């Protein structure tokens with residue numbers, strides 16, 4: 029196996045790690061509320077577990093409020109229970125089959141905690157990336173040991189691998205910096 033094939037093989041894994049990180053970012057409440065914060069919350073309803081987005085329409089009525097219009101009023105109790113279980117710190121107001129979720133302004137302490145969570149998620153993603161990189165480097169070294177690739181290709185592969193990893197880390201750092209600014213505004 030050539031070093032190019034090894035590197036091509038890990039690109040989808042790196043993309044998946046990056047996409048997972050982006051999804052985690054959407055769950056971190058910053059200055060404005062996003063429907064992504066709640067749409068995938070699992071709700072136990074009539075013996076089934078469904079994501080909230082399948083039980084009604086979710087929209088933002090303002091930057092500080094999310095409106096959930098349920099298809100059926102009988103879902104309200106289960107939905108509120110599932111949202112409160114997530115511990116998002118949102119205020120809940122119910123009007124018929126509509127649930128209004130409002131966000132109190134962020135305090136300095138809550139901003140610090142959000143930045144701490146953000147850095148924790150970043151570090152978890154970086155660990156995943158390191159594991160992918162280490163595994164790919166081991167495959168390149170194994171290919172060299174088996175004489176499938178030459179020494180020049182081994183080092184070219186290492187350089188290409190490091191470039192790809194650096195690029196991925198920089199993209200994640202940029203996402204983190206944008207989210208940090210959003211939190212601190």
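Residue numbers (the numbering used here): 29 to 213. Backbone N, C-alpha and C fix where the C-beta goes; we use that ideal spot for every residue, glycine too. All values derive from a computational prediction rather than experimental measurement.
So the candidates are the options; which of them puts its Cα closest to the Cα of residue i?
{"i": "residue 126", "options": "149, 95, 151 and 90", "result": "95"}
{"i": "residue 82", "options": "116, 73 and 182", "result": "73"}
{"i": "residue 56", "options": "90, 79 and 131", "result": "131"}
{"i": "residue 124", "options": "178, 116 and 101", "result": "101"}
{"i": "residue 30", "options": "197, 202 and 173", "result": "173"}
{"i": "residue 38", "options": "111, 205, 210 and 185", "result": "185"}
Would you identify the three-state DSSP class for residue i, choosing helix, strand or coil?
{"i": "residue 56", "result": "coil"}
{"i": "residue 83", "result": "coil"}
{"i": "residue 119", "result": "strand"}
{"i": "residue 130", "result": "strand"}
{"i": "residue 197", "result": "helix"}
Using beta-carbon positions only, say whether residue i and residue j come within less than 8 Å of one another.
{"i": "residue 150", "j": "residue 200", "result": "yes"}
{"i": "residue 169", "j": "residue 188", "result": "no"}
{"i": "residue 79", "j": "residue 67", "result": "yes"}
{"i": "residue 208", "j": "residue 146", "result": "yes"}
{"i": "residue 71", "j": "residue 107", "result": "yes"}
{"i": "residue 212", "j": "residue 144", "result": "no"}
{"i": "residue 53", "j": "residue 203", "result": "yes"}
With DSSP as the reference, identify every bridge partner of residue i, one or two as the case may be.
{"i": "residue 88", "result": "94"}
{"i": "residue 78", "result": "71"}
Would you say the segment 37–48 touches the segment 150–158, given that touching needs at least three Cβ pairs under 8 Å?
They touch, by the three-pair rule.
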